[in-house]
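Just so you know, the sequence shown maps onto residues 13 to 215 in the working numbering.
Where is the CB? At the ideal position from N, CA and C, for every residue including glycine.
One structure is given below, encoded as structure tokens.
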Amino acid sequence: MKKTPVEVFSDWAKVGKDFGMQQGHKNSVEKMLQFATKGLKKFSFIDAGCGNGWVIRDVSKLVECTNATGVDGSLDMIMKAKDIDRNNSYFCRDLLEWKPKDKVDLVHSMEVFYYFKNPLKLISHIYDNWLKINSRLIIGMDFYSENKVSHSWPEKTGVSIMELLPENTWIKYFKESGFKNVESWRIGKSENWEGTLVVTGNK
Ligand SMILES: C[S@@+](CC[C@H](N)C(=O)[O-])C[C@H]1O[C@@H](n2cnc3c(N)ncnc32)[C@H](O)[C@@H]1O
13 MKKTPVEVFS DWAKVGKDFG MQQGHKNSVE KMLQFATKGL KKFSFIDAGC
63 GNGWVIRDVS KLVECTNATG VDGSLDMIMK AKDIDRNNSY FCRDLLEWKP
113 KDKVDLVHSM EVFYYFKNPL KLISHIYDNW LKINSRLIIG MDFYSENKVS
163 HSWPEKTGVS IMELLPENTW IKYFKESGFK NVESWRIGKS ENWEGTLVVT
213 GNK
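What follows is the structure, encoded as structure tokens:
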């Protein structure tokens, strides 16, 4: 019997597998954030599906960051984040149901959006309810059609919802939600590994 994404990642948090995931995502996330924060004098920040909160802890140290908030559906992940970091805000909520009190300048997310049955709904929700005018959404994903080695992950991990989509569908979803200047690229491509697919756009 397969488990929901949140159930699986709660199990991971309980046995410390979140720290391995952090190491695995670090290189791609650093490069995404370098791109997304370049030239920003001041910005507020949300990590959508923040896991144990490691990106919030890193980004909140930047002098330009005025406010950093992490949201994740897994209580085990959020309890861990809150335990390590008392300074920033963390919320345990489904991303589709949550809205920030104040809209932000930058929303980042790594390895989260394909865990939704309807990713277009999530992208539109973030555009409409999380982002200010002149802001950015940037997402990174290793599970996508062109990255053939990732196709076996739903079986390997036993996760019930994993939407396998090609790069051009992700771009279409951003444009349909209203994003401008939509761009995509890959980070860390090597033999048999297409790299992290990055998709971003401005509101
Ligand atoms: C692969 S992990 C990535 C965590 C983090 N971004 C990182 O790079 O370490 C995916 C995360 O998405 C969260 N997630 C999955 N579905 C969710 C949902 N519907 N609402 C909120 N969080 C969700 C999981 O709990 C998990 O922490």
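In terms of DSSP beta bridges, what is residue i paired with?
i, result
"Tyr102", "Gly82"
"His120", "Asp59, Ile150"
"Asn2", "Lying before the first or after the last residue shown, residue 2 is absent from the chain, which here runs from 13 to 215."
"Thr181", "The partner list for Thr181 (beta bridge, DSSP) is empty, contrary to what the question assumes."
"Ser202", "Trp205"
"Trp197", "Val210"
"Leu45", "Paired residue(s): none; Leu45 is not in a bridge."
"Leu143", "Val116"
"Val171", "Lys15"
Go through its chain and collect everything with a Cβ distance to residue i's Cβ below 7 Å, but skip five positions before and after it.
i, result
"Lys54", "Glu76, Thr78"
"His163", "Leu176"
"Val116", "Ser56, Phe57, Ile58, Trp142, Leu143, Lys144, Ser147"
"Glu25", "Note on residue identity: the sequence assigns Ala, not Glu, to residue 25. Excluding residues within five positions, the ones whose Cβ falls inside 7 Å are Asn64, Ser86, Asp88, Met89, Lys92."
"His37", "Met122, Glu123"
Leaving out the 5 sequence neighbours to the left and right, which residues in its chain are closer than 6 Å to residue i when beta-carbon positions are compared?
i, result
"Lys111", "Asn141"
"Glu195", "Thr212"
"Lys94", "Tyr102"
"Phe191", "Gly213"
"Gln34", "Trp66"
"Lys201", "Gly207"
"Ser72", "Ala80, Asn100"
Closer than 8 Å by C-beta to residue i: which residues in its own chain qualify, once you throw out the five before and the five after it? Chain order, please.
i, result
"Pro131", "Phe125, Glu175, Leu177, Trp182, Tyr185"
"Ile68", "Phe57, Asp59, Cys62, Ala80, Thr81, Gly82, Ala93, Asp97, Asn100, Tyr102"
"Leu52", "Glu76, Asp117, Leu118"
"Phe128", "Leu107, Leu108, Leu134, Ile173, Glu175"
"Val20", "Thr169, Gly170, Val171"
"Asn39", "Ile199, Gly200"
Of all the options the options, which has the alpha carbon lying nearest to the alpha carbon of residue i?
i, options, result
"Asp23", "Lys129, Trp197, Met89", "Met89"
"Leu149", "Phe128, Asn39, Asn193, Asn159", "Asn193"
"Leu107", "Asp97, Ser86, Lys92", "Ser86"
"Asn99", "Ala48, Val20, Asp70", "Asp70"
"Val41", "Ile151, Val83, Lys113", "Ile151"
"Ser189", "Asn39, Tyr139, Lys113", "Tyr139"
"Glu203", "Lys160, Lys38, Ser72", "Lys160"
"Lys14", "Lys26, Trp165, Lys187, Lys215", "Trp165"
"Asp84", "Val18, Asn180, Lys187, Glu179", "Val18"
"Ser136", "Lys113, Asn180, Lys187, Cys104", "Lys187"
Is residue i near ligand 3, in the sense that its beta carbon is under 7 Å from a heavy atom of that ligand?
i, result
"Gly170", "Only ligand 1 can be found as ligands here, which leaves ligand 3 out of the picture."
Taking contact to mean 3 or more Cβ pairs, one atom from each stretch, closer than 8 Å, check whether the segment 202-212 and the segment 149-164 are in contact. These segments touch.
The segment 63-70 contacting the segment 16-31, beta-carbon criterion three pairs below 8 Å: Three or more beta-carbon pairs drawn from the segment 63-70 and the segment 16-31 are found closer than 8 Å, and the two stretches are therefore classed as touching.
Touch test, the segment 118-127 against the segment 39-59, Cβ-Cβ under 8 Å, three pairs minimum: With a cut-off of 8 Å on Cβ pairs, the segment 118-127 is in contact with the segment 39-59, counting three or more such pairs.
With contact counted as at least three CB pairs below 8 Å, one residue from each stretch, are the segment 163-172 and the segment 197-207 in contact? Too few Cβ pairs lie closer than 8 Å, so no.
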